[in-house]
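Enquirer:
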Amino acid sequence: VFKYSKDERVLTFGESFVAGSDESHFCKPTDVVTSNDGSYIYVADGYCNARIVKFNAKGNFLKEYSMPDREQQLIIPHSIIIIEALDLVYVADRENGRIVCFDDGNDDDETNEYDQDQVKTIIEHPLMRTVYAIHYDNNK
Numbered sequence: 001v002f003k004y005s006k007d008e009r010v011l012t013f014g015e016s017f018v019a020g021s022d023e024s025h026f027c028k029p030t031d032v033v034t035s036n037d038g039s040y041i042y043v044a045d046g047y048c049n050a051r052i053v054k055f056n057a058k059g060n061f062l063k064e065y066s067m068p069d070r071e072q073q074l075i076i077p078h079s080i081i082i083i084e085a086l087d088l089v090y091v092a093d094r095e096n097g098r099i100v101c102f103d104d105g106n107d108d109d110e111t112n113e114y115d116q117d118q119v120k121t122i123i124e125h126p127l128m129r130t131v132y133a134i135h136y137d138n139n140k
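This note's numbering puts the first residue of the sequence shown at 1, with every later residue one more than the last.
#1: Is it buried or exposed for Val-89, if we count other Cβ within 10 angstroms and need 16 for buried?
#2: Kindly confirm or deny that the segment 44-52 and the segment 23-36 touch, where touching means at least three C-beta pairs closer than 8 Å.
#3: Which residues in the same chain have their Cβ closer than 7 Å to the Cβ of Val-33, if we skip the five residues on either side of it in sequence?
#4: Between the alpha carbons of Ala-92 and Pro-77, how many angstroms are there, rounded?
#5: In whole angstroms, what is the alpha-carbon distance linking Phe-87 and Ile-52?
#6: Looking at C-alpha atoms only, which residue of Asn-56, Glu-23, Asp-31 is the closest neighbour of Ser-39?
#7: Can you look up Glu-84 in the DSSP assignment and give me helix, strand or coil?
#8: Indicate the three-state DSSP secondary structure (helix, strand or coil) for Glu-64 in the structure shown.
#9: Starting from the Cα of Ser-35, find the closest Cα among Phe-2, Lys-54, Leu-74 and give me that residue.
#10: By DSSP, does Asn-96 sit in helix, in strand, or in coil?
#11: According to DSSP, what are the bridge partners of Lys-54?
#12: Determine the contact status of Phe-2 and Gly-59, defining contact as a CB-CB distance below 8 Å.
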């Protein structure tokens, strides 16, 4: 995962072609999003690690979001949005067909879940604070 200025790469997250699940490695990340002021960076580490990782603007690890119960574990978290005014992190949990909402202001990883069919990506309408999901189902 790379952060670029207008002219050059200014920050690298992880290590190229070295998979891992610690604070400085990823395994096939699927999405990245930043806070409005750039002070926080969220990475969906989806295909192998089933987690969301939060960093500060300098690339220092701050927090990992994952489901506490193995039966509820994220399977390919594919898209992230943050709603800063509400301290919420929404995750499209693609293979579980749901949207998981983490409370970013709570250290207990409090979550809400919204079942969807094969949710692929999510977006937010910033003025209305509405979340939209794009999903697919081959049987419909």
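Beta carbons are placed, not taken as given, at the ideal position from N, Cα and C, and that holds for glycine.
Expert: In brief:
#1: For the purposes of this step, residue 89 is identified with residue 89 of the sequence shown, where counting begins at 1. Buried, because 16 or more other Cβ atoms sit within 10 Å of the Cβ of Val-89.
#2: Contact between the segment 44-52 and the segment 23-36 is present, with at least three C-beta pairs closer than 8 Å.
#3: Along the sequence shown, one-based indexing puts residue 33 at 33. Short of 7 Å from the beta carbon of Val-33, and not among the five residues preceding or following it, lie these beta carbons of its own chain, in chain order: Tyr-42, Ile-80, Ile-81, Ile-82.
#4: For the purposes of this step, residue 92 is taken as residue 92 along the sequence shown, with counting starting at 1. For the purposes of this step, residue 77 is taken as residue 77 along the sequence shown, with counting starting at 1. Within the model, the alpha-carbon separation for Ala-92 versus Pro-77 is close to 6 Å.
#5: Numbered from its first residue, the sequence shown carries residue 87 at position 87. Numbered from its first residue, the sequence shown carries residue 52 at position 52. Here residue 87 turns out to be Asp, not Phe, going by the sequence shown. Roughly 15 Å between the two C-alpha positions.
#6: To locate residue 39, count along the sequence shown from 1; it is residue 39. Of Asn-56, Glu-23, Asp-31, the residue nearest in Cα terms is Asn-56.
#7: Within the sequence shown, the letter at position 84 stands for residue 84. Assigned with DSSP and collapsed to three states, Glu-84 falls in helix.
#8: Walking along the sequence shown from the start, residue 64 turns up at place 64. Note: Glu-64 maps to strand in three-state DSSP.
#9: Here residue 35 refers to the residue found at position 35 when the sequence shown is read from its first residue. Nearest option by C-alpha distance: Lys-54.
#10: Here residue 96 is taken as the residue at index 96 of the sequence shown, counted from 1. Helix.
#11: Within the sequence shown, the letter at position 54 stands for residue 54. Tyr-42, Lys-63.
#12: As a first step, residue 2 must be located in the sequence shown, where it is residue number 2. As a first step, residue 59 must be located in the sequence shown, where it is residue number 59. In this structure, Phe-2 keeps its C-beta atom at 8 Å or more from the C-beta atom of Gly-59.
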